[in-house]
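Undergrad: According to my numbering, the residues represented by the sequence shown are -17 to 64, in order.
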Amino acid sequence: MTDNEPEPLDDFTRVHAKLSALEIVLGVLIGRLSEENPEIREDVKRDVAAILSDMPIEGPSEELIVTEVRRAAELLTSVSIG
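#1: For Ile12, which of helix, strand or coil comes out of DSSP?
#2: Could you tell me the distance, in whole angstroms, from the CA atom of Val(-3) to the CA atom of Glu45?
#3: In chain order, which alpha helix (DSSP H) runs of at least 4 residues are fully inside the stretch 23 to 64?
#4: Measuring straight from C-alpha to C-alpha, what distance separates Ile6 and Lys0?
#5: Measure the CB-CB distance between Leu4 and Ala55 and report whether it falls below 8 angstroms.
#6: Which residues in the same chain have their Cβ closer than 7 angstroms to the Cβ of Ile33, if we skip the five residues on either side of it in sequence?
#7: Among the residues of its own chain, which have a CB less than 6 angstroms from the CB of Val30, if the five just before and after it don't count?
#8: Just the C-alpha distance for Val22 and Pro38, rounded to the nearest angstrom, thanks.
In structure tokens form, the structure reads like this:
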């Protein structure tokens, strides 16, 4: 490691950062789903898929997080809110 490279994150810090980011994403997801427009729901599904595809998965706990977010997004986009 050189002086310009950041120190690698420990497992707990990496998982905590991902959980925090996913909390924000799910908050936005729930807000967008309060609208009944099917086009918005499809946009949400596409956005969640894009975010998760860009996320590096480096262990079983991170895989579990991604799996749960996918499951939650699918459930939220299949019900009517409001």
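Even for Gly, the Cβ is constructed at its ideal location relative to N, Cα and C.
TA: So, from the data block:
#1: Locating residue 12 in the sequence shown gives position 30, counting from the first residue. Helix, per DSSP.
#2: Working through the sequence shown from its first residue, we reach residue -3 at position 15. Working through the sequence shown from its first residue, we reach residue 45 at position 63. Their backbone Cα atoms lie some 10 angstroms apart in a straight line.
#3: 42 to 60
#4: Against the sequence shown, residue 6 aligns to sequence position 24. Against the sequence shown, residue 0 aligns to sequence position 18. Answer to the nearest angstrom: the Cα atoms are 10 angstroms apart.
#5: In the sequence shown, the residue the question calls residue 4 occupies position 22. In the sequence shown, the residue the question calls residue 55 occupies position 73. No.
#6: Within the sequence shown, residue 33 is the residue found at index 51, counting from 1. So the list reads Val7, once near-sequence residues are dropped.
#7: Position 48 of the sequence shown holds residue 30. Ala55, listed in sequence order.
#8: Residue mapping note: residue 22 aligns to position 40 of the sequence shown, counting from 1. Residue mapping note: residue 38 aligns to position 56 of the sequence shown, counting from 1. Reading off the sequence shown, one finds Ile at residue 22, where the question assumed Val. Approximately 26 angstroms between the Cα atoms of the pair.
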